[in-house]
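Colleague: Okay, handing you the structure first.
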Ligand code: BES
Ligand code: MN
Ligand code: ZN
């Protein structure tokens, strides 16, 4: 997709389609008004006859409107003017893009970016229009033998901004929006890939492919032999039942001065989680191919960061592993000595994510991180607590927690903080080892984070539980969402001091 910004009046546009808004009830936006005037009331006539009320998401496609240079006008219902918020704005753009793509307009000039959205500026509106456009056009077809694509797909879209002064802002917003969308697409593609193809080595290969396209991005791979040398026994135990070798891929992005401590992102990369000996039930087990979404989002975020050439050092760790039942698999009752030296009694082999992450989190101490953020589809309990709308966030450092919440608001990729109080730590007590890997039924997301917190004492750390947000479950809409790439990218952009406002 090609994106552009322009500042012009609607009657001068010569395009396949021009997109303008109509508010409820039947109220023309100023741009629609201009078109109405030159077409001698053509549009207001239609509205009067009841063709379009202006409800949010309503679409009316007009052809050859008198005196208008563009072939088509797409009238888009924007709901009540005063109620237009971020969510509604994104929904309207999404529907608009699908309509354009399905009705044969290969190019369009869109004036919806001029709408007033509560509390949001031109930068935000253009960037989110770009991100939403890519979202609307995403399709996972890699594994289909016949790919049916739109006959005349949308190729180019121009977003209009109110004044010429805002053109540079708009261009910056497009660049950022495209970089974030590219990362999101990578995350979705890798996450949607089936687990017979997407294994830990596949994650490594994807990282290498991205590194080849960027000068200051390099890859380091820790295989099982190296993990053994490092005493990453907990990580290794989880992968022991699998024929696919465990593999930790470390991506180094150097955009800052060498002396600057890096932001470290660590992603849970369980390319399949069967539960192991504590085998999961059969229903929906296929969706445990998505248990690598943490790693996939770290990969996508690294790509976005590299594409924007952000002036900051970032390290991304993809903790690749597969959890399978097998004669060689680890079992309930086993006691593991983690890389940190702390021992863990395994009470359930399905609580494997924390066992992989704890060693990865110890490993990254060597980078003297400024902050560490791990991303994981860690607990079913998080889906119960927050559903599919918010990512769960827990942190040992208040300023970091606040910065992440801010980034999540700015990016419309929301997170909600849960407490990490010491009281919850008791639930991890074991009679035989330093701790167990199970915290009982109560507050499962918090006790999982408590477990991780015992391995992150040496730095500022936040944990993102994306079990509810990383993919849409079941049904027709099933698929990876690409979350929380937008939030992570925004966090790093803020940290790097990049302007993301007008
Ligand atoms: N990957 C799962 C968590 C999960 C489950 C994410 C469902 C999304 C949807 C994780 O490895 C797991 O199995 N967690 C267990 C932990 C329990 C055994 C303490 C869970 O949530 O049931
Ligand atoms: Mn599990
Ligand atoms: Zn898991």
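Residue numbers (our numbering): 425 to 926. Don't be surprised by glycine CBs; every beta carbon is placed ideally from N, CA and C.
Who does residue 839 pair with in a DSSP beta bridge?
Modeller: Residue numbering aside, residue 839 sits at position 415 when the chain shown is read from its first letter. Paired residue(s): 815.
Colleague: Thinking C-alpha only, which one of 726, 734 and 885 is nearest residue 824?
Modeller: Looking up residue 824 in the chain shown gives position 400. The residue with the shortest Cα to Cα distance from residue 824 is 885.
Colleague: Could you round the C-beta distance between residue 443 and residue 533 to whole angstroms and report it? I think they count as a contact, below 8 Å.
Modeller: Stepping through the chain shown from its first residue, residue 443 is reached at position 19. Stepping through the chain shown from its first residue, residue 533 is reached at position 109. At roughly 7 Å, the Cβ-Cβ gap stays under 8 Å, so residue 443 and residue 533 are in contact.
Colleague: Measure the alpha-carbon distance for residue 814 versus residue 832 and round it to whole angstroms.
Modeller: For the purposes of this step, residue 814 is identified with residue 390 of the chain shown, where counting begins at 1. For the purposes of this step, residue 832 is identified with residue 408 of the chain shown, where counting begins at 1. C-alpha of residue 814 to C-alpha of residue 832: approximately 10 Å in a straight line.
Colleague: Mind checking residue 696: buried by the 16 CB within 10 Å criterion, or exposed?
Modeller: For this step, residue 696 is matched to residue 272 along the chain shown. It is buried - the Cβ of residue 696 has at least 16 other Cβ atoms within 10 Å.
Colleague: Among 441, 638 and 720, which has the Cα closest to the Cα of residue 617?
Modeller: Locating residue 617 in the chain shown gives position 193, counting from the first residue. Shortest Cα-Cα distance from residue 617 to any of 441, 638 and 720 involves 720.
Colleague: Once DSSP output is grouped into helix, strand and coil, what is the label at residue 460?
Modeller: Looking up residue 460 in the chain shown gives position 36. Note: residue 460 maps to helix in three-state DSSP.
Colleague: Considering only the beta carbon of each residue, do residue 712 and residue 828 sit closer than 9 Å?
Modeller: The count along the chain shown starts at 1 and reaches residue 712 at position 288. The count along the chain shown starts at 1 and reaches residue 828 at position 404. In this structure, residue 712 keeps its C-beta atom at 9 Å or more from the C-beta atom of residue 828.
Colleague: So which of 741, 591 and 872 has the shortest CA-CA distance to residue 546?
Modeller: Here residue 546 refers to the residue found at position 122 when the chain shown is read from its first residue. With distances taken between Cα atoms, residue 546 lies closest to 591.
Colleague: Looking at the strands, I want to know which residues DSSP matches up with residue 644.
Modeller: For the purposes of this step, residue 644 is taken as the residue at position 220 of the chain shown. In the DSSP secondary-structure assignment, residue 644 is bridged to 674.
Colleague: Taking all protein chains shown into account, do 16 or more other C-beta atoms lie within 10 angstroms of the C-beta of residue 851, making it buried, or fewer, making it exposed?
Modeller: For the purposes of this step, residue 851 is taken as the residue at position 427 of the chain shown. Result: buried.
Colleague: Look at the Cβ atom of residue 891, then the Cβ atom of residue 804, and state whether they are nearer than 9 Å.
Modeller: In the chain shown, the residue the question calls residue 891 occupies position 467. In the chain shown, the residue the question calls residue 804 occupies position 380. Yes, they are a contact pair.
Colleague: Helix, strand or coil for residue 774 per DSSP?
Modeller: Mapped onto the chain shown, residue 774 falls at position 350. It is coil, neither helix nor strand.
Colleague: Tell me whether the region 686 to 694 and the region 777 to 785 touch, counting them as touching only if at least three CB pairs, one residue from each stretch, are closer than 8 Å.
Modeller: Look at the beta carbons and you see the region 686 to 694 touching the region 777 to 785: at least three pairs across the two are nearer than 8 Å.
Colleague: Count the other C-beta atoms from every protein chain shown that fall within 10 angstroms of the C-beta of residue 845, then say buried if there are 16 or more, exposed otherwise.
Modeller: For the purposes of this step, residue 845 is taken as residue 421 along the chain shown, with counting starting at 1. So residue 845 ends up on the exposed side.
Colleague: Measure from the alpha carbon of residue 415 to the alpha carbon of each residue in 520, 848, 512 and 834, then state which is nearest.
Modeller: The chain is shown from 425 up to 926; residue 415 falls before or after that span and cannot be answered.
Colleague: At a threshold of 8 Å, does residue 744 count as lining the ligand MN (C-beta to nearest heavy atom)?
Modeller: Here residue 744 is taken as the residue at index 320 of the chain shown, counted from 1. Not so, every heavy atom of the ligand MN lies at least 8 Å from the Cβ.
Colleague: Assign residue 525 to one of two classes, buried (16 or more other C-beta atoms within 10 Å of its C-beta) or exposed (fewer than that).
Modeller: To locate residue 525, count along the chain shown from 1; it is residue 101. Buried is the call here.
Colleague: Is it buried or exposed for residue 559, if we count other Cβ within 10 angstroms and need 16 for buried?
Modeller: Locating residue 559 in the chain shown gives position 135, where the first residue counts as 1. Counting Cβ neighbours within 10 Å, residue 559 comes out buried, since at least 16 surround it.
Colleague: Closer than 8 Å to a non-hydrogen atom of the ligand COA - does that hold for the CB of residue 776?
Modeller: For the structure depicted, the ligand COA is absent and the ligand set comprises only the ligand BES, the ligand MN and the ligand ZN.
Colleague: Mind pulling the alpha helix (DSSP H) runs of 4 or more residues that sit fully within the region 734 to 809?
Modeller: 777 to 787
Colleague: In this structure, how does DSSP classify residue 539 when only helix, strand and coil are distinguished?
Modeller: The residue given as residue 539 occupies position 115 in the chain shown. Collapsing the DSSP output to three states places residue 539 in coil.
Colleague: Could you give the first and the last residue of the continuous alpha helix (DSSP H) run that contains residue 496?
Modeller: Working through the chain shown from its first residue, we reach residue 496 at position 72. Looking at the DSSP string, residue 496 is not in any alpha helix (DSSP H); the run it does join, the beta strand (DSSP E), is 496 to 504.
Colleague: Would you please state the rounded distance, in angstroms, between the beta carbons of residue 536 and residue 500? I believe it to be under 8 Å.
Modeller: In the chain shown, the residue the question calls residue 536 occupies position 112. In the chain shown, the residue the question calls residue 500 occupies position 76. So it is a contact: roughly 6 Å between Cβ atoms.
Colleague: Among 672, 708 and 459, which residue has its Cα nearest to the Cα of residue 786?
Modeller: For the purposes of this step, residue 786 is taken as residue 362 along the chain shown, with counting starting at 1. Comparing Cα-Cα distances from residue 786 to each of 672, 708 and 459, the minimum goes to 672.
Colleague: Confirm, please, whether the CB-CB distance from residue 923 to residue 859 is below 9 Å.
Modeller: As a position in the chain shown, residue 859 is number 435, starting the count at 1. As a position in the chain shown, residue 923 is number 499, starting the count at 1. Contact annotation: residue 859 and residue 923 have beta-carbon atoms that are not nearer than 9 Å.
Colleague: Taking 8 Å as the cut-off, is the CB of residue 712 close to at least one heavy atom of the ligand ZN?
Modeller: On the chain shown, position 288 is the one that residue 712 refers to. Yes, since a heavy atom of the ligand ZN falls inside the 8 Å radius drawn around the Cβ of residue 712.
Colleague: DSSP beta-bridge partners for residue 930?
Modeller: Because the chain here runs from 425 to 926, residue 930 falls outside it and cannot be looked at.
Colleague: What I want to know is whether the C-beta of residue 697 ends up closer than 8 Å to one or more non-hydrogen atoms of the ligand MN.
Modeller: Stepping through the chain shown from its first residue, residue 697 is reached at position 273. True, at least one ligand heavy atom lies under 8 Å from that Cβ.
Colleague: Taking the beta carbon of residue 895 as the centre, do at least 16 other beta carbons fall within 10 Å, making it buried, or is it exposed?
Modeller: Position 471 of the chain shown, counted from the first residue, corresponds to residue 895. It counts as buried.
Colleague: Taking 9 Å as the cut-off, decide whether the C-beta atoms of residue 434 and residue 466 are in contact.
Modeller: Locating residue 434 in the chain shown gives position 10, where the first residue counts as 1. Locating residue 466 in the chain shown gives position 42, where the first residue counts as 1. No. Outside cutoff.
Colleague: May I ask you to check if the CB of residue 715 is nearer than 8 Å to at least one heavy atom of the ligand BES?
Modeller: As a position in the chain shown, residue 715 is number 291, starting the count at 1. Checking every heavy atom of the ligand BES against the Cβ of residue 715, one is found closer than 8 Å.
Colleague: Per DSSP, what are the beta-bridge partners of residue 711 in this structure?
Modeller: If you number the chain shown from 1, residue 711 lands on position 287. Note: residue 711 sits in no beta bridge, so no partner.
Colleague: Going by DSSP, name the residue or residues bridged to residue 448.
Modeller: The count along the chain shown starts at 1 and reaches residue 448 at position 24. Answer is 504, bridged to residue 448.
Colleague: For the putative contact between residue 761 and residue 809, defined by C-beta atoms under 8 Å, what is the C-beta separation to the nearest angstrom?
Modeller: Residue 761 sits at position 337 when you count from the first residue of the chain shown. Residue 809 sits at position 385 when you count from the first residue of the chain shown. Not a contact, Cβ separation roughly 32 Å.
Colleague: Looking at the ligand ZN, does it come within less than 8 Å of residue 888, judged from the CB to the closest heavy atom?
Modeller: Taking the chain shown and counting its residues from 1, one reaches residue 888 at position 464. Result no, Cβ not under 8 Å from the ligand ZN.
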